[in-house]
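Let me begin by presenting the structure, written as structure tokens, before commenting on it.
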């Protein structure tokens, strides 16, 4: 099997006035699945009572720092058919696995999910029906035995399913929003005959899913998240979906009949920029009211509403300098979140600084 051990991503960050470069695209976690866990062989000793499912812990072989064991289920199916890693790939049959880490907590500007899949493991080659699904925002099950073929659909805020040909599609792709486990809650504008033909349903395919929130850091139930799905670097589909709780939690699953697999999983945080904003009360004007908010929050505040203009987590002299530079103008619309400043900006306007000092002394 030819394994892809290196995924290349490029990005360009444009820097303009009031806009600072922030994080570069960073691998959050990855997995080559080059290990043997669970029963090992996907067809391990039929009817053996010791069969069990296990994907182990991700290896970050392609980058990343987040590492944890997968939630995999069902835990022990009869007949040797379980969710295992066989030394090269992660296999699934009538179940799947999920990574219980919400990447949106470290990716306010968006994230990507890249992986390879094949609907037929070499141990069970075939041309029949069946699917592999991936979901985002999957609710973590309390009982592994309840995680079945629709595990990546049921309880997910957004899901994608790759199946055999349907109508004109050689390989059919379906998109779901808040599916209840029936596989029928299609994303608006899509249907049973999916809007993307991913190609040969018996071949191995490379997937790149890019999720970008319309408002940086906003992944909630009412928030719009734009996405692009690419397959093998060409076939693509663009749309948007509403977010939800733990939207960055990733899940996979597959239905019965034969073993299916995923491989070379890489999840990254997209780069983003931050815009300084001294409109602390959100009235679209930077004025004296905003100065008073900064004054009250100095040394204690930690949010925009308390006077933190650069989203550094503190209200200090740097925020006053931003207010001064934007005073008398309309608010700057933020396109992301700032990383902490390396140091405070020196105050340059004696009148403003003096007014603040007098105000502090009168308290």
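Numbering (this note's numbering), first residue to last: 432 to 794.
Beta carbons: idealized from backbone N, C-alpha and C, even for Gly.
(message) Could you compute how far the alpha carbon of residue 667 sits from the alpha carbon of residue 601?
(response) To locate residue 667, count along the chain shown from 1; it is residue 236. To locate residue 601, count along the chain shown from 1; it is residue 170. C-alpha separation (whole angstroms): 15 Å.
(message) Which runs of the alpha helix (DSSP H) at least 4 residues long sit entirely within the region 672–723? Give them in chain order.
(response) none
(message) Using a Cβ distance threshold of 8 Å, determine whether the region 556–571 contacts the region 714–725, with at least three qualifying pairs required.
(response) no
(message) Could you compute how far the alpha carbon of residue 733 sits from the alpha carbon of residue 699?
(response) Counting from one through the chain shown, the residue named residue 733 turns up at place 302. Counting from one through the chain shown, the residue named residue 699 turns up at place 268. If I take the Cα positions, the gap works out to 27 Å.
(message) Just to confirm before moving on: does the CB-CB distance between residue 611 and residue 585 stay below 8 Å?
(response) Along the chain shown, read from residue 1 onward, the residue named residue 611 stands at position 180. Along the chain shown, read from residue 1 onward, the residue named residue 585 stands at position 154. Cβ distance < 8 Å, so residue 611 and residue 585 count as in contact.
(request) Evaluate residue 619 with the Cβ neighbour count: other Cβ atoms within 10 Å of its Cβ, from every protein chain shown; 16 or more gives buried, anything less gives exposed. (result) Here residue 619 refers to the residue found at position 188 of the chain shown. Residue 619 should be labelled exposed.
(message) Going by the DSSP bridge assignment, what does residue 600 pair with across the sheet?
(response) The count along the chain shown starts at 1 and reaches residue 600 at position 169. Paired residues: 597.
(request) For residue 615, count neighbouring Cβ atoms within 10 angstroms of its own Cβ and tell me buried if that reaches 16, exposed if not. (result) By 1-based counting over the chain shown, the position of residue 615 is 184. The residue in question, residue 615, is exposed, as its Cβ has fewer than 16 Cβ neighbours within 10 Å.
(message) According to DSSP, simplified to helix, strand and coil, what is residue 661?
(response) Numbered from 1 along the chain shown, position 230 holds the residue referred to as residue 661. Three-state DSSP puts residue 661 in a strand.
(request) Hey, could you find the ends of the beta strand (DSSP E) residue 563 is sitting in? (result) On the chain shown, position 132 is the one that residue 563 refers to. That run of the beta strand (DSSP E) goes 563–567.
(request) Could you round the C-beta distance between residue 672 and residue 658 to whole angstroms and report it? I think they count as a contact, below 8 Å. (result) Translated into the one-based positions of the chain shown, residue 672 becomes position 241. Translated into the one-based positions of the chain shown, residue 658 becomes position 227. Indeed they touch by this definition, with Cβ atoms about 6 Å apart.
(request) Please state whether DSSP places residue 528 in a helix, a strand or coil. (result) Residue mapping note: residue 528 aligns to position 97 of the chain shown, counting from 1. Residue 528 falls in the strand class under three-state DSSP.
(message) Does the contact criterion of 3 or more C-beta pairs under 8 Å hold for the region 671–687 versus the region 624–636?
(response) These segments do not touch.
(message) Does residue 580 come out as helix, strand or coil in the three-state DSSP assignment?
(response) Indexing the chain shown from 1 puts residue 580 at position 149. Residue 580 falls in the coil class under three-state DSSP.
(request) Please look up how many angstroms separate the CB atoms of residue 626 and residue 456, rounded, as I've assumed it's under 8 Å. (result) Within the chain shown, residue 626 is the residue found at index 195, counting from 1. Within the chain shown, residue 456 is the residue found at index 25, counting from 1. 27 Å between Cβ atoms; not a contact.
(message) Output needed for residue 643: all residues of its chain with C-beta closer than 6 Å, excluding positions within five of it in sequence on either side, in chain order.
(response) Counting from one through the chain shown, the residue named residue 643 turns up at place 212. In its chain, beyond the 5 residues on either side, 541, 657 have a beta carbon closer than 6 Å to the beta carbon of residue 643.
(message) Tell me which residues share the same chain as residue 484 and place their Cβ nearer than 6 Å to its Cβ, disregarding the 5 neighbours each side in the sequence.
(response) Locating residue 484 in the chain shown gives position 53, counting from the first residue. Result list for residue 484: 469, 503, 506, 513, 514, in chain order.
(request) Determine the contact status of residue 563 and residue 548, defining contact as a CB-CB distance below 8 Å. (result) Taking the chain shown and counting its residues from 1, the one referred to as residue 563 is at position 132. Taking the chain shown and counting its residues from 1, the one referred to as residue 548 is at position 117. Taking 8 Å as the Cβ cut-off, residue 563 and residue 548 qualify as a contacting pair.
(message) Beta-carbon within less than 6 Å of residue 544's beta-carbon, same chain only, minus the 5 sequence neighbours each way: which residues are those?
(response) Taking the chain shown and counting its residues from 1, one reaches residue 544 at position 113. For residue 544, where only same-chain residues beyond five positions count, the Cβ hits under 6 Å are 640, 698.
(request) Please check the pair residue 431 and residue 523, which I expect to be a contact at CB under 8 Å, by giving their CB distance rounded to whole angstroms. (result) As displayed, the chain neither begins before 432 nor continues past 794, which places residue 431 out of reach and without an answer.
(message) Does the region 705–723 come into contact with the region 679–696, if we say contact requires no fewer than three beta-carbon pairs (one atom in each stretch) closer than 8 Å?
(response) no
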